[in-house]
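Residues in the sequence shown are numbered consecutively from 1, following the UniProt record's numbering.
Working notes for the structure below.
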Amino acid sequence: MKAHRKTTVPEPERFPFLVIRCVFNLQEGFPLVTTKRCHLRSIIHELLWFLQGDTNVAYLHENNVSIWDEWADENGNLGPVYGKQWRAWPTPDGRHIDQITTVLNQLKNDPDSRRIIVSAWNVGELDKMALAPCHAFFQFYVADGKLSCQLYQRSCDVFLGLPFNIASYALLVHMMAQQCDLEVGDFVWTGGDTHLYSNHMDQTHLQLSREPRALPKLVIKRKPESIFDYRFEDFEIEGYDPHPGIKAPVAI
């Protein structure tokens, strides 16, 4: 459904659509876009960074990842963004809830639960975040020995963000499934304000002119003791043969 409203950001112009849904059967391949090259290093390191509960860009810089630089302060801090909410959601009595550990325990001990959910949308801390969560809420579902996940993304830059986010959460599903001795099922991506920027139009037309290629395969080389112990070297993407990358500016 096209949204009949104008963006509050004057430049670049934004063309939004509401409620887009994509379903990826992870048994059929790893959903990494092939019509342009995606920066795998950034995708993997960012997810590992989230899982450590980190909110400073130092780790990313150590691994040549700069995707959060535009929002970091002079000390590299971003406030209580994704990692903080995933791993240490604050409670009124002063405790902190580790949502990732909680959902892992649920998947192992109560896989039929309808409450296997992680939320990054902490209303009480939004004003402290350098960037409010875009991919804000995800839920796991187990059926027939397969782990599926649905993500709700409130805001999505289609050209730059969407391929990145899909690959990141597909990777997370694979990691969670391995930790819980499950097969992978579907990854379902649902977008709210799903938009294309005017200064991404030429790049989008170029990408759409290209023929998609076969999806690659994700190989996880070892099973660590914990979801928090994976390393960059544990992951290999086999058969990734994309078209050349396409550069585009990030909208801040």
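Built from N, CA and C at the ideal position, the CB exists for glycine as well.
Taking only the alpha-carbon atoms, compute the straight-line gap between residue i and residue j and give it to the nearest angstrom.
i    : j    : result
G191 : L208 : 20 angstroms
N56  : H45  : 13 angstroms
R210 : P163 : 15 angstroms
T91  : E125 : 12 angstroms
E225 : C156 : 34 angstroms
Q153 : R222 : 30 angstroms
E233 : G145 : 27 angstroms
R5   : F228 : Unreliable placement is indicated for R5, whose pLDDT of 32 sits below 50; no coordinate value is reported for it.
I97  : W89  : 5 angstroms
For residue i, which option in the options has the closest C-alpha, if you only look at C-alpha atoms?
i    : options                : result
N109 : F187, L182, R21, N199  : L182
A143 : S113, V118, D98, A120  : S113
F159 : K128, K221, Y197       : Y197
P216 : V23, L18, V33          : V33
N75  : D93, A58, Q27          : A58
D202 : Y82, W86, P249         : P249
Q139 : G161, I116, D127       : I116
A251 : H200, D229, Y240, G239 : H200
V184 : L18, R14, S148         : S148
I100 : V123, D127, F137, G94  : F137
V103 : V123, F15, S42, V173   : V173
L151 : G94, W121, F235, W89   : W121
Please report the residue range of the beta strand (DSSP E) in which residue i lies.
i    : result
I220 : 217-220
T194 : 183-197
F138 : 135-143
L228 : Looking at the sequence provided, one finds Phe at residue 228 rather than Leu. Here F228 belongs to no beta strand (DSSP E), and DSSP marks it neither H nor E.
V118 : 117-119
What span of residues does the alpha helix (DSSP H) with residue i cover, start to end?
i    : result
R87  : 82-87
R154 : Taken as a continuous stretch (DSSP letters only), R154 belongs to no alpha helix (DSSP H), being part of the beta strand (DSSP E) at 146-157.
Can you list, in chain order, the residues of its chain with a C-beta nearer than 8 angstroms to that of residue i? Leave out the 5 residues immediately preceding and following it.
i   : result
R21 : V188, W189, T190, G191
E28 : L215
L78 : T55, N56, V57, W68, W71, A72, M129, A130, L131
F15 : H195, L196, Y197, S198
Could you pull out every residue in the same chain whose Cβ sits closer than 6 angstroms to the Cβ of residue i, ignoring the five residues on either side in sequence?
i    : result
P242 : T34, R37
N63  : H45
G83  : F50, G53, D54, T55
D186 : V23, N25, S148
S42  : V65, I67
V9   : Because V9 carries a pLDDT of 44, less than 50, the predicted location of this residue cannot be relied on, and no value is offered for it.
For residue i, I'd like the list of residues in its chain whose CB is within less than 7 angstroms of its CB, leaving aside the five on either flank, ordered along the chain.
i    : result
F30  : A170, L215, P216, K217, L218, I237
I246 : K36, Q203, L206, Q207
Touching by the beta-carbon criterion (3+ pairs, under 8 angstroms), the region 155-171 and the region 44-62: Contact holds: three or more Cβ-Cβ distances are below 8 angstroms.
Quick check: the region 62-74 against the region 124-140, are at least 3 beta-carbon pairs closer than 8 angstroms? With a cut-off of 8 angstroms, the region 62-74 and the region 124-140 count as touching, because enough Cβ pairs lie within range.
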